[in-house]
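Please read the structure below before turning to the comments.
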Amino acid sequence: PEERERGITINTAHVEYETDKRHYAHIDAPGHADYVKNMITGAAQMDGAILVVAATDGPMPQTREHILLARQVGVNYIVVFLNKTDLVDDPELIDLVEMEVRELLSEYDFPGDDIPVIRGSALKALQGDPEQEKVILHLMDVIDEYIPTPVRDVDKPFLMPVEDVFTITGRGTVASGRIDRGTVKINDSVEIVGLKDEVKNTVVTGVEMFRKTLDLGEAGDNIGALLRGIDRDGVERGQVLAKPGSIQTHKKFKGEVYILTKEEGGRHTPFFTNYRPQFYFHTTDVTGVVELPEGVEMVMPGDHVTFTVELMKPVAIEKGLKFTIREGGHTVGAGTVSEIDD
1 PEERERGITI NTAHVEYETD KRHYAHIDAP GHADYVKNMI TGAAQMDGAI
51 LVVAATDGPM PQTREHILLA RQVGVNYIVV FLNKTDLVDD PELIDLVEME
101 VRELLSEYDF PGDDIPVIRG SALKALQGDP EQEKVILHLM DVIDEYIPTP
151 VRDVDKPFLM PVEDVFTITG RGTVASGRID RGTVKINDSV EIVGLKDEVK
201 NTVVTGVEMF RKTLDLGEAG DNIGALLRGI DRDGVERGQV LAKPGSIQTH
251 KKFKGEVYIL TKEEGGRHTP FFTNYRPQFY FHTTDVTGVV ELPEGVEMVM
301 PGDHVTFTVE LMKPVAIEKG LKFTIREGGH TVGAGTVSEI DD
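Quick note: the sequence shown uses the UniProt record's numbering, first residue 1, plus one each step.
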């Protein structure tokens with residue numbers, strides 16, 4: 001639904017399954033372009049990935065791009081499945097492919113020597129071959145062990161992008177929005193971060209949801225937070241409320257970006273260095289200037305590119321944060337912060 005709202009068409013298959021240890025939500029993208037778009041714009045952060053490489057072909061050119069993307073958007077754990085091993089007669093050839101994959105992973109700062117590599121035939125497992133069914137179960141055991149359990153959103157430091165600000169006569173200023181991560185309760189100290197150079201400190205004196213007072217707001221809740229000593233102009237949409245010290249403002253970053261095609265409602269023409277669109281972070285647009293990497297003359301609609309952005313105002317950003325690129329309110333691209341540069 002979120003992608004549809006942004007006008008980006010992505011074909012993905014979602015499956016869910018469970019082991020004794022965990023419940024998994026698994027996303028697979030059929031086409032290379034779908035994969036790239038899903039990695040860059042996908043609403044959900046992925047906790048790990050299964051890299052499937054055919055033993056008959058070895059790593060393909062897009063394998064490299066997939067590994068790079070995983071690195072850039074913060075997928076830190078990869079398990080490898082060497083597929084179609086039944087079609088390769090010489091076991092030494094399979095060893096060679098495995099070595100190639102490990103070297104490729106190391107090249108992008110994954111622990112290539114330590115990453116688990118499982119060999120098998122997905123097709124045979126699907127056809128009910130008992131040996132190959134065991135291999136798939138073994139793959140899941142390995143994933144259970146190798147990919148660590150993610151920290152739940154509610155256990156992370158508090159962050160709430162501010163959507164709206166209003167005054168309650170006699171009580172003060174309320175900032176409302178959806179809590180992105182962590183929890184907040186009455187008497188918590190929070191910082192107001194973004195759009196201004198200085199960070200303001202305040203204390204939450206009330207937490208409300210649907211006009212009811214809460215003891216605690218947590219990740220996913222839409223709340224209003226009453227802020228001590230903050231006047232109506234002291235907080236605005238596009239800033240964030242955050243646990244003190246947990247997030248800083250920046251103006252310069254590198255982004256891993258997908259630019260929409262004309263058919264997706266994007267631009268009809270390429271753009272160049274010094275392109276100045278709006279970057280929509282959290283809840284607001286901030287103008288930024290694009291600097292393309294060396295050797296990249298221009299970016300065409302439909303391209304996937306890494307570029308540097310200098311924002312006109314400081315914004316509370318961190319590696320892994322998603323953003324959209326807009327022109328006159330229309331989305332023309334989407335991206336993930338891959339590096340902070342200032």
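Backbone N, C-alpha and C fix where the C-beta goes; we use that ideal spot for every residue, glycine too.
key: Sub-9 Å separation of VAL79 and ALA49 beta-carbons   = In contact: VAL79 and ALA49 (Cβ atoms closer than 9 Å).
ask   = Considering only C-alpha positions, which residue in the set ILE186, LEU195, LYS196 and ALA219 is nearest to VAL207?
value = Measuring C-alpha to C-alpha distances from VAL207 to each of ILE186, LEU195, LYS196 and ALA219 identifies ILE186 as the nearest.
request  = Taking LEU321 and PHE307 to be in contact with their CB atoms under 8 Å, please state how far apart those CB atoms are, rounded to whole angstroms.
outcome  = A Cβ-Cβ separation of about 16 Å leaves LEU321 out of contact with PHE307 under the 8 Å criterion.
key: Strand pairing of VAL36, partner residues [DSSP]   = VAL36 has no beta-bridge partner at all, per DSSP.
key: Simplified DSSP state of GLU297, which is helix, strand or coil   = Reduced to three states, the DSSP call for GLU297 is coil.
task = Would you please state the rounded distance, in angstroms, between the beta carbons of VAL296 and VAL305? I believe it to be under 8 Å.
result = Taking C-beta atoms under 8 Å as the contact rule, VAL296 and VAL305 qualify, at a distance of about 7 Å.
key: Where ASP285 falls: helix, strand or coil (DSSP)   = Three-state DSSP puts ASP285 in a strand.
query = Under three-state DSSP, which class holds VAL199?
reply = VAL199 sits in coil when the DSSP states are folded into three classes, being neither helix nor strand.
query = Looking only at its own chain, which residues have a Cβ that is under 6 Å from the Cβ of ILE136, when we skip the five neighbours before and after it?
reply = In the same chain as ILE136, and ignoring 5 residues on each side of it, the C-beta atoms closer than 6 Å to its own belong to ALA125, in chain order.
inquiry  = What would DSSP say about ALA70, mapped onto helix, strand or coil?
reply    = When secondary structure is reduced to three states using DSSP, ALA70 falls in the helix class.
message = Using a Cβ-Cβ cutoff of less than 6 Å, which residues in the same chain neighbour HIS14 once the five nearest sequence positions on both sides are dropped?
response = ILE27.
Chain-order list of residues whose beta-carbon lies under 6 Å from that of ARG102 (same chain, five-residue window excluded) = The residues are GLY112.
task = Tell me whether the beta-carbon of ASP164 lies closer than 9 Å to the beta-carbon of GLY177.
result = With contacts defined by Cβ atoms closer than 9 Å, ASP164 and GLY177 form a contacting pair.
query = Can the beta-carbon of ALA225 be found less than 9 Å from the beta-carbon of LYS37?
reply = At the C-beta level, ALA225 and LYS37 stay beyond 9 Å of one another.
Three-state class that DSSP yields for GLU327 in the structure shown = Strand at GLU327.
inquiry  = For SER338, count the other beta carbons within 10 Å of its own beta carbon; 16 or more makes it buried, fewer makes it exposed. Which is it?
reply    = Buried, by the Cβ-count rule.
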